[in-house]
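*Asks:* Counting from 4, one number per residue, gives the positions in the sequence shown under this note's numbering.
Every residue, glycine too, gets a C-beta built ideally from N, C-alpha and C.
Treat the numbers as computed from the prediction; the structure is a model and nothing was measured.
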Amino acid sequence: MTMKRLATVLAVLGGLFLLYTGISYLLAPHATAEGFGVPTLPEGRGKGFLEVKGMRDIGFGLVILALLLAGQRRALGLAMAAMAVVPAGDMLIVLNENGPAATAFGVHGLAAAVVAVTAGLLLRERTATA
Numbered sequence: 004m005t006m007k008r009l010a011t012v013l014a015v016l017g018g019l020f021l022l023y024t025g026i027s028y029l030l031a032p033h034a035t036a037e038g039f040g041v042p043t044l045p046e047g048r049g050k051g052f053l054e055v056k057g058m059r060d061i062g063f064g065l066v067i068l069a070l071l072l073a074g075q076r077r078a079l080g081l082a083m084a085a086m087a088v089v090p091a092g093d094m095l096i097v098l099n100e101n102g103p104a105a106t107a108f109g110v111h112g113l114a115a116a117v118v119a120v121t122a123g124l125l126l127r128e129r130t131a132t133a
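(1) Quick check on DSSP: helix, strand or coil for Phe108?
(2) So within the stretch 51-98, which uninterrupted alpha helix (DSSP H) runs reach at least 4 residues, ignoring any that extend past its ends?
(3) Taking Met6 as part of the alpha helix (DSSP H), name the residues at either end of that continuous run.
(4) Quick one: Cα of Ala131 to Cα of Tyr23, how far?
(5) Along the alpha helix (DSSP H) that carries Arg127, what are the first and last residues, could you check?
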């Protein structure tokens, strides 16, 4: 598999995963939040904040897919480099809230690494000259 194809596959999977996660937060906010790694509020409390997180994830997923579909691979690389701070920040939040280290590193840390690697692959691509 070429590096360009790998970057494309990782970007598509990342965009689709974010859409799935965001929709999950909208449809079942408390159930989805349990896997995030921080203590959740009792059912019915804080639902709006969980839905905001869902919309954030949907927005990021759409940005990834839109830039990919538009052929804006360099812009996608830059956007994903910037977006890598989100799961890295999520990891730090989980650790700061005494959440499970396995979730902090295995979910959020791994996501940050994959997003950063994808960004790096996209930014390393050579653009064709006219």
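*Replies:* Concretely, from the data shown:
(1) DSSP places Phe108 in helix when its eight states are reduced to three.
(2) Segments of the alpha helix (DSSP H) lying fully in the stretch 51-98: 76-86.
(3) Its alpha helix (DSSP H) spans residues 6-30.
(4) Unreliable positioning characterises Ala131 in this predicted model, as indicated by a pLDDT of 48, which lies under 50. The coordinate reading is nonetheless provided below. Going by the C-alpha atoms only, they are around 34 angstroms apart.
(5) Arg127 -> alpha helix (DSSP H) spans 113-127.
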